[in-house]
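The structure appears below as structure tokens.
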Amino acid sequence: MPVDQKSEFLKGTLDMLILKIVMLEPIHGYGISQRIQQISKDVFQVQQGSLYPALHRLEDRGWLQAEWRATGTGREAKFYTVTKKGRRQLEAEMRNWEQVSGAVALILGTAE
Amino acid sequence: MKYWLRRILRKERTEHELDSELRFHLEQRVAELVEEGAGREEASRQARMEFGGVEGIKEECRESRRVHLLETFFQDVRYGLRMLRRNPGFAMVAILTLALGIGANTAIFSVVNGVLLNPLPYPYPEQLITLHESKPNFQYGSVSYPNFRDWQKSNRAFSAIGITRYTAFGLTGMGDAEQLNGVFISSDLLPLLGIKPLLGRGLSRRRR
Chain A
1 MPVDQKSEFL KGTLDMLILK IVMLEPIHGY GISQRIQQIS KDVFQVQQGS LYPALHRLED
61 RGWLQAEWRA TGTGREAKFY TVTKKGRRQL EAEMRNWEQV SGAVALILGT AE
Chain B
1001 MKYWLRRILR KERTEHELDS ELRFHLEQRV AELVEEGAGR EEASRQARME FGGVEGIKEE
1061 CRESRRVHLL ETFFQDVRYG LRMLRRNPGF AMVAILTLAL GIGANTAIFS VVNGVLLNPL
1121 PYPYPEQLIT LHESKPNFQY GSVSYPNFRD WQKSNRAFSA IGITRYTAFG LTGMGDAEQL
1181 NGVFISSDLL PLLGIKPLLG RGLSRRRR
């Protein structure tokens, strides 16, 4: 894939992962990066330089909404939740992802 | 419209929040590293290194909002144009409505401007008109004095006709010479306009 197309592809994937993680419970940016790392068993380590622009992009599109709340330690943090629009977006992206990954698996699984 | 206004008002808050959000992340990471047994300073140094340039990240966050702003703007414009092309009847009605609205507004403003905002400073300004002599190359040409006399003699349309001509005089004998702008007027003009000179007296018919 050409470089810019590849990064577009990864950006879309990151958006989907973020939406999925935030769907689980309202969570702040730091929590999201921790979760992605934990759940993917350290395969994915989201850089702050990608995470925060993505969060702001998603919030701006109305897929996420943010709210300042106190954390467990009493510190204020920006917690994100998924909006209705975001939920629909996630469903669409997941369907798309299943299709793509299914197709890739079919091709890779072809007996030589 | 409300959407744009809200955006502008929100800008400052967004900036402040962006700062707090990134600072929170950094502090969380430092706390985690300290828990893992690093010294406070060492932890802070490592967290900063992992984080990379804060200003760069901020700029990218701003950018991701700005890009979207432009994108949606162009999308709106494209959508509008597409809809207009798809419904030429509707487009026609919309354009006509706009044209009529703007036209009517301009017309009414010209009247209001002339009558209410800038009326001529004379009694009965609505009865005053300017006459010109149309010539092939001058739509609003000047009037020759003999023609004016003829107009005056055969006039039945107006209660009076006066005439003016712009001129300039040279003022000398008091230091540097100076050009003074003036106007020649016929004796009928001041009574016609219904005004009196501030200084001296008006011209009388007899003295002409």
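Taken in sequence, the protein lines are chains A and B.
Letter by letter, the first sequence follows residues 1 to 112 in the numbering used here.
Letter by letter, the second sequence follows residues 1001 to 1208 in the numbering used here.
Even for Gly, the Cβ is constructed at its ideal location relative to N, Cα and C.
If you're wondering where the values come from, they're calculated on a predicted model, not measured in any experiment.
- For Gly1056/B, no pairing in a beta bridge is given by DSSP.
- Counting C-beta pairs closer than 8 Å gives three or more between the segment 1016-1026 of chain B and the segment 28-48 of chain A, which meets the contact rule.
- For the 8 Å CB-CB criterion, Gln37/A and Phe44/A form a contact.
- For Leu1081/B and Glu1050/B, the gap between their C-alpha atoms comes out near 47 Å.
- Interface flag for His1016/B against chain A is unset, since no Cβ pair is found closer than 8 Å.
- Annotated three-state conformation of Val46/A is coil, per DSSP.
- Only residues of its own chain outside the window of five on either side were considered, and among them Pro1119 have a CB closer than 7 Å to the CB of Pro1125/B, listed in chain order.
- Trp1151/B sits in a helix when the DSSP states are folded into three classes.
- Where Gln1139/B is concerned, there is no enclosing alpha helix (DSSP H), although the beta strand (DSSP E) around it starts and stops at 1138-1141.
- In this structure, the straight-line span from the alpha carbon of Leu108/A to that of Ser50/A is close to 30 Å.
- Using a CB distance cut-off of 8 Å, Leu1022/B counts as an interface residue toward chain A.
- Per DSSP, the beta-bridge partners of Val1183/B are Tyr1166/B.
- Just measuring C-alpha positions, the residue of Asn1181/B, Glu1017/B, Pro1136/B, Asn1087/B sitting nearest Tyr1166/B is Asn1181/B.
- Between Ile18/A and the set Lys41/A, Thr81/A, Asp42/A, the nearest pair of CA atoms involves Thr81/A.
- In this structure Ala1091/B is not in contact with Leu1100/B, their Cβ atoms being roughly 15 Å apart against a cut-off of 8 Å.
- Sequence-distant partners of Gly1194/B (beyond 5 residues in either direction) whose C-beta falls short of 6 Å from its own C-beta, in its chain, are Tyr1122, Pro1123.
- Distance between Arg61/A and Val1067/B, taken at the CA atoms: about 11 Å.
- In this chain, Phe1158/B is not harboured by any alpha helix (DSSP H), its DSSP state being neither H nor E.
- Counting other Cβ atoms within 10 Å of its Cβ, Glu59/A reaches 16 or more and is therefore classed as buried.
- Chain A has a Cβ within less than 8 Å of the Cβ of Arg1065/B.
- With respect to the C-alpha of Ala54/A, the residue from Arg88/A, Val100/A, Leu10/A having the closest C-alpha is Leu10/A.
- Among the residues facing chain B, Pro26/A is not included, as its CB has no counterpart in that chain under 8 Å away.
- Between Gln65/A and Ile1057/B, the C-beta gap is not smaller than 8 Å, which leaves the two residues out of contact.
- Within the segment 77-88 of chain A, contact with chain B at the beta-carbon level (separation under 7 Å) is assigned to Ala77, Lys78.
- Contacts with chain B (Cβ-Cβ distance below 9 Å) from the segment 29-57 of chain A involve Gly29, Tyr30, Gly31, Ser33, Gln34, Gln47, Gln48, Gly49, Ser50, Leu51, Tyr52, Pro53, Ala54, Leu55, His56, Arg57, listed in chain order.
- Taking 8 Å as the CB threshold, Asp15/A stays off the interface with chain B.
- C-alpha of Leu1069/B to C-alpha of Arg57/A: approximately 10 Å in a straight line.
- Contact note: Arg69/A does not reach chain B at a C-beta cutoff of 7 Å; the least C-beta distance is about 12 Å.
- When DSSP states are grouped into helix, strand and coil, Arg1201/B belongs to the coil group.
- Across the set Gly1039/B, Arg1065/B, Asp1019/B, Val1112/B, the C-alpha of Asp1019/B shows the shortest separation from the C-alpha of Ala77/A.
- Neighbours of Phe1051/B in chain A, taken as residues at a C-beta separation under 7 Å, are given in chain order as Gln48.
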